[in-house]
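**Student:** Below is one structure. I have some questions about it.
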Amino acid sequence: MKKIFTGILVITAITVLSGCTGSVYNKSKNCDYDYLLHPAISISKIIGGCDNL
1 MKKIFTGILV ITAITVLSGC TGSVYNKSKN CDYDYLLHPA ISISKIIGGC DNL
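Right, here's the structure in full:
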């Protein structure tokens, strides 16, 4: 029973996380960054990955 519960929990976590991912382009469409849960908390945006272009 514990293995079934763990399996269901893992499948649910993967489903939720895969539904909350995406990609955002800048205005000139020459750079994009991926995010996991929300675009504001993307590591690429935080370190300024698209600001240099």
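The UniProt record's numbering puts the first residue of the sequence shown at 1, with every later residue one more than the last. Note that beta-carbon positions come from the ideal geometry of N, C-alpha and C, so glycine has one too.
#1: Give me whichever residues DSSP pairs with Val24 in a beta bridge.
#2: Assuming the contact rule is C-beta atoms closer than 8 Å, Tyr35 and Thr21 should be a hit. Round their C-beta distance to whole Å, please.
#3: Buried or exposed for Ser42, please, with buried defined as at least 16 other CB atoms from any protein chain shown within 10 angstroms of its CB.
#4: Compute the Euclidean distance between the alpha carbons of Ser44 and Ser28, then round it to the nearest angstrom.
**Tutor:** Working from what's here:
#1: Val24 is bridged to Tyr33.
#2: Rounded to the nearest angstrom, the Cβ distance from Tyr35 to Thr21 is 7 Å, consistent with a contact under 8 Å.
#3: Ser42 is buried by the Cβ-count criterion.
#4: Their backbone Cα atoms lie some 17 Å apart in a straight line.
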